[in-house]
Each structure stands twice: as C-alpha cells, then as structure tokens.
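A.B. asks: Input: one structure, supplied below.
Chains as they are written, first to last, in our numbering: chain A, 4 to 133; chain B, 9 to 124.
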C-alpha cells in the first residue's frame, strides 16, 4: 500500500468512486429511459473509479499497471464524452459524470486521472530505480 | 430541511474543511481535536438523517431513494475519511478529511435542493 500523498490520492479516488456509484445506481434504477447512453456511461465511469481505487490500495506491480490503464481510460472518457456532449447534445439530455468535461463535478473527473497518472508514473520510476 | 440545522451543518463542515487544510499545510497529522471534530460532524449528519426520517411525511414529491441515497453516502464518506485520518500518521490524514469535507459541503447543498 502506498503511503503519504499516495494514500491521500487513493482516499480521494475512494470518495469519488463511492459518490459516482451512488449516483449512477440511482440513475439506473429511476431514470434509465430518459438518457440511456449518458447513464450507461455514468455506470461505466463508476466501475472504472472503483477499479482504480482498488488497484491503488493493493499497490503491487500488476495492480499498478491496471491503475495506469484505468486512469488513462478515465481521461480519454472525459475528453471524448466532453466533446460528444457538445456535438451530440441530444444523446446527453441528462448529465453523465463525464459530460462537459466533468463540469457538473467541479472538473474533478478531468483533473483526477491526470493527478493519478502523474503519481503512478512517479512511483513507478522510483520503484524501478530502487 | 430545517434552515437552522442546515446552517449548523454547513458551518461545521466548513470549519472542519478549513481546519484540515490548515493542518495539511502545517504538515501535521490529524490530532485528537481534529478527529473529534470529524466525529462531531458525523454525529450531526446522523442527526440530520434521523430528523429527515421523522419529518419525511411532511414533504411533497421528494424521491426517498434520491434523498436518503445522498445522505447515507455523505455519512459513509465522512466515516471512511475519519478512519483514514486516524490511521494515517502524516499530513495526508487531514488532507483526506479536507477532500471529504468539500464533498460533504456539495452533498449538503444537493440534499437541501432535493428537500425543497
């Protein structure tokens, strides 16, 4: 398990995974018909946040790679969905976590994977040196 | 929600968040006082949950799944962050509390919107 700032990052990921899962769960149960694409993406995002959190907690070599992949997918997701929500607004009648580059969540979905990748690469370099 | 108690929740969360940020910058782990503050906020959120259950009959068109989903998530976030700050003996204990505090402030705002 990482210590110090790595733990803080893991905790922030955990908080985000928890809130994203709660919200996606609600959307799937109550409003899925309104915006199936947006809400499916919210659910997918929530699953990836959970995966990243778990891999950050485990912190070995394999989980490190999975965490890098999860962060990269999150970043790609927020960019692609951010662009699509502007070019195809009809598919995103209701907001998903990644719509408008995560503006509904204080742009945390845009920043968090970047901070995560930066941290993972830093830790990875330190590990390969040691 | 009850306006007075909502203001108390905002104030408690705001103070805890600012205090946690200060402790993070000062490079201190979470002390007994800060952990006590986190426990107090957790208690206040549970009181809000109990008040909401007791007065839920007086609301109109409030989706119970949405409202209680939010409040239970806020309680879980605060409880996990509190345990985390207790276990982490570096400045990042308060750092985690600060992040949780900011999340809870947004959730209180959403709770208040949903209730109206």
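C-beta atoms are modelled at their ideal positions from N, C-alpha and C, and glycine is treated no differently. Keep in mind it's a predicted model, so treat the numbers as computed, not measured.
(1) Assuming residue 93/B contacts residue 101/B (C-beta within less than 8 Å), just tell me the rounded distance between them.
(2) To which residues of the same chain is residue 45/B closer than 7 Å at the C-beta, ignoring the five residues directly before and after it?
(3) Can you find the residues in the same chain that come closer than 6 Å, C-beta to C-beta, to residue 83/B, ignoring five residues on each side of it along the sequence?
(4) Have a look at residue 113/A and residue 103/A and give me their C-alpha separation to the nearest angstrom.
(5) Please go through the region 33 to 88 of chain A and give each complete alpha helix (DSSP H) segment of 4 or more residues, from N-terminal end onward.
(6) Residue 133/A CB to nearest chain B CB: under 8 Å?
(7) Which residues in the same chain have their Cβ closer than 7 Å to the Cβ of residue 31/A, if we skip the five residues on either side of it in sequence?
(8) Where does residue 33/B land, buried or exposed, given buried means 16+ other C-beta within 10 angstroms?
(9) When the distance is taken between beta carbons, is residue 111/B closer than 8 Å to residue 88/A?
(10) What is the DSSP secondary structure of residue 37/B, reduced to helix, strand or coil?
(11) At least one CB of chain A closer than 8 Å to the CB of residue 107/B: is that the case?
(12) Alpha carbon to alpha carbon, how far is residue 68/A from residue 123/A? Give it in angstroms, no decimals.
(13) Relative to chain B, which residues along the region 25 to 54 of chain A have a C-beta separation below 9 Å, given in chain order?
(14) Closest to residue 113/B by C-alpha separation, out of 66/B, 58/B, 78/B and 42/B, would be which residue?
(15) Check residue 67/B in the structure and name its three-state DSSP category.
(16) Between residue 57/A and chain B, is there a C-beta pair that is closer than 8 Å?
(17) Count the other C-beta atoms from every protein chain shown that fall within 10 angstroms of the C-beta of residue 49/B, then say buried if there are 16 or more, exposed otherwise.
(18) Could you tell me which of 55/A, 128/A, 79/A and 39/A sits nearest to residue 96/A, measuring between CA atoms?
(19) Could you work out which residues of chain B lie near residue 11/A, taking near to mean beta carbons separated by less than 7 Å?
C.D. replies: Result, derived from the coordinates:
(1) 4 Å
(2) 24 and 27
(3) 53
(4) 10 Å
(5) 39 to 61
(6) Its pLDDT being 46, under 50, residue 133/A is placed unreliably in this model, and the value from its coordinates should be taken loosely. Cβ-Cβ to chain B under 8 Å: no for residue 133/A.
(7) 42 and 46
(8) exposed
(9) no
(10) coil
(11) Any Cβ of chain A closer than 8 Å to the Cβ of residue 107/B would place that residue at the interface, and such an atom is present.
(12) 9 Å
(13) 25, 26, 28, 29, 32 and 33
(14) 78/B
(15) coil
(16) no
(17) Classification for residue 49/B: buried.
(18) 39/A
(19) 100, 103 and 104
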